[in-house]
């Protein structure tokens with residue numbers, strides 16, 4: 001794929017990384033500065049991306065002694081300039097969202113949001129960010145949304161896809177209410193709080209299983225959101241599945257629709273086929289694009305999904321999902337590529353157009 | 358389309374159904390509180406016999422967690438996969454525009470009207486004094 005295809009595109013998933021808790025010190029409340037120093041624990045990055053795992057950083061994006069994703073200059077060069085990106089949405093995956101303590105989780109999330117604003121958004125006008133919130137405590141999450149949402153450069157609320165309960169539960173609804181009110185999609189990022197085994201049948205032995213099986217969690221959470229009525233209640237809510245992969249979707253939709261047809265009376269608030277609800281409310285970042293490297297085959301999958309509106313361009317920087325600039329398989333129709341690169345992201349993140357500088 | 362006599366009204370009891378076979382089609386005729394309805398008996402999904410399914414209500418909702426029963430006794434659920442059909446229109450609830458079973462006009466006629474024809478009553482004799490359930494199929 002030549003560079004012009006991504007010129008002016010909107011990168012909907014890239015990962016500035018907090019190298020160590022030291023980087024957050026200026027942004028933490030006094031008590032938490034003191035507490036982290038007293039604890040002497042330095043590294044709160046979740047183990048979904050072990051530093052030396054191949055997936056964690058593309059080889060040509062690795063720099064000796066630099067924690068992958070932690071350097072602004074490298075991100076500008078490798079992710080923004082290389083692709084001609086117009087906007088890029090920073091999704092910081094860090095320990096605040098998975099801490100077992102609600103108060104520590106909230107403190108870390110608040111610090112990450114202030115850190116991303118000061119050290120990244122203020123230093124490159126192309127950057128936007130997700131608000132990270134503590135799913136341990138939805139009331140605290142809503143407070144954090146209210147605090148950050150006034151800054152229009154925050155364009156999304158991010159949660160790990162695997163939390164402490166199924167995401168359709170009313171426990172989480174205050175987050176969806178705030179998201180809808182502020183015109184912020186809720187982004188569910190690959191990753192777990194590890195309160196439960198990451199597969200439905202137990203704990204895997206290997207990283208391979210852990211990463212590949214995450215699509216099950218996306219399916220479970222998506223169907224929870226639909227069948228527990230989140231989209232019936234919050235009719236303007238958009239949910240973005242980030243780093244979820246894509247090709248599991250057609251088979252999942254088929255199962256969901258077939259089963260719904262037979263047992264619809266148990267969820268009468270679901271008034272249309274789950275596939276239609278999902279096509280309207282749900283978007284997916286197109287990285288990893290877990291399809292055969294053949295545009296025609298991906299085109300068939302898109303036909304099965306039944307919508308050109310759902311995929312969003314993403315590099316997933318610095319994760320290693322593709323080489324060179326091959327962000328999409330060759331051979332996709334130009335019109336579809338244009339939608340993935342620009343139109344779909346702009347329609348999903350409506351705050352982007354309001355922040356042109 | 359031709360008109361067929363299904364049964365004398367006095368023999369077609371409330372809350373029951375009958376299967377009639379007309380020109381190779383199997384049609385289920387229902388008596389619901391004295392009102393008669395006819396639909397093609399084969400489910401458009403995989404051919405399940407609709408008349409063997411549960412005839413119940415439509416469960417609706419105003420918001421998540423709230424349930425309401427409507428259309429009592431007018432929603433037929435296929436015994437095979439549970440798809441719901443409106444007994445009045447034959448439309449499915451899951452995809453009413455694309456999935457439906459055919460519905461037929463069913464009326465009650467006086468015997469003296471029927472003996473004039475062109476009604477078809479294969480298995481019994483129509484008498485002028487009785488009233489009959491008649492289907493157009």
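Residue numbers (my numbering), protein chains in the order written: chain A, 1 to 357; chain B, 358 to 494. Ideal Cβ positions, reconstructed from N, Cα and C, are used throughout, including at glycine. Just so you know, these numbers come straight off a predicted model, no measurement behind them.
Nearest-angstrom Cα separation, counted from residue j out to residue i
i	j	result
residue 40 of chain A	residue 245 of chain A	37 Å
residue 281 of chain A	residue 304 of chain A	17 Å
residue 77 of chain A	residue 56 of chain A	18 Å
residue 403 of chain B	residue 494 of chain B	22 Å
residue 240 of chain A	residue 23 of chain A	28 Å
residue 357 of chain A	residue 255 of chain A	Summary for residue 357 of chain A: the model assigns pLDDT 46, below 50, so the residue's position carries little reliability; its value from the coordinates is reported in the next sentence. Near 45 Å, if we compare the C-alpha coordinates of residue 255 of chain A and residue 357 of chain A.
residue 387 of chain B	residue 434 of chain B	14 Å
residue 67 of chain A	residue 440 of chain B	55 Å
residue 301 of chain A	residue 212 of chain A	19 Å
residue 458 of chain B	residue 467 of chain B	29 Å
residue 364 of chain B	residue 414 of chain B	27 Å
residue 351 of chain A	residue 154 of chain A	8 Å
Residue environment, residue i, which counts as buried when at least 16 other CB atoms sit within 10 Å
i	result
residue 37 of chain A	exposed
residue 208 of chain A	exposed
residue 472 of chain B	exposed
residue 295 of chain A	buried
residue 263 of chain A	exposed
residue 14 of chain A	buried
residue 385 of chain B	buried
residue 17 of chain A	buried
residue 420 of chain B	exposed
residue 371 of chain B	exposed
residue 117 of chain A	buried
residue 270 of chain A	buried
residue 382 of chain B	exposed
residue 485 of chain B	exposed
residue 275 of chain A	buried
residue 29 of chain A	exposed
Opening and closing residue of the beta strand (DSSP E) in which residue i lies
i	result
residue 160 of chain A	154-162
residue 344 of chain A	Run containing residue 344 of chain A: none in the beta strand (DSSP E); it sits in the alpha helix (DSSP H), 344-348.
residue 90 of chain A	87-90
residue 361 of chain A	The structure shown does not extend to residue 361 of chain A, since chain A is modelled only from 1 to 357, so the question has no answer here.
residue 12 of chain A	10-14
residue 364 of chain B	360-365
residue 180 of chain A	First-last for residue 180 of chain A: 173-181, but that is the alpha helix (DSSP H), not the beta strand (DSSP E).
Limits of the alpha helix (DSSP H) - the one that residue i falls within
i	result
residue 301 of chain A	295-305
residue 98 of chain A	Run containing residue 98 of chain A: none; DSSP gives neither H nor E here.
residue 227 of chain A	214-227
residue 142 of chain A	138-149
Sequence-distant residues of the same chain with beta carbon closer than 7 Å to residue i, five excluded per side
i	result
residue 1 of chain A	Bear in mind that the predicted position of residue 1 of chain A carries a pLDDT of just 45, short of 50, making it too unreliable to give a figure here.
residue 134 of chain A	96, 97, 102, 105, 106, 109, 140, 141
residue 114 of chain A	27
residue 86 of chain A	8, 9, 10, 126
Own chain residues within Cβ distance below 8 Å of residue i, not counting five before or after
i	result
residue 166 of chain A	220, 221, 224, 228
residue 317 of chain B	This structure cannot settle anything about residue 317 of chain B, because the visible part of chain B is limited to 358 through 494.
Neighbourhood of residue i by C-beta, 6 Å cutoff - its chain only, sequence neighbours within 5 removed
i	result
residue 136 of chain A	102, 105
residue 369 of chain B	388, 490
Practice prompt. Taking only beta carbons into account, state which residues of the stretch 406-420 of chain B come closer than 7 Å to chain A, listed in chain order.
Written response: Contacts with chain A (Cβ-Cβ distance below 7 Å) from the stretch 406-420 of chain B involve 416, 417, 418, 420, listed in chain order.
Discussion item. Which residues of the stretch 450-479 of chain B have a Cβ closer than 8 Å to any Cβ of chain A? Give them in chain order.
Written reply: From the stretch 450-479 of chain B, only 450, 451, 452 have a Cβ closer than 8 Å to chain A.
Practice prompt. With 8 Å as the limit, tell me which residues of the stretch 426-446 of chain B have their beta carbon closer than that to any beta carbon of chain A; keep them in chain order.
Written response: Residues of the stretch 426-446 of chain B with a C-beta less than 8 Å from any C-beta of chain A: 438, 439, 440, 441, listed in chain order.
Item to complete: Please name the residues in the stretch 251-266 of chain A whose beta-carbon is closer than 9 Å to at least one beta-carbon of chain B, in chain order.
Response: Those residues of the stretch 251-266 of chain A that come within reach of chain B (Cβ to Cβ, closer than 9 Å) are 257, 258, 260, 261, 262, 263, 264, 265, 266.
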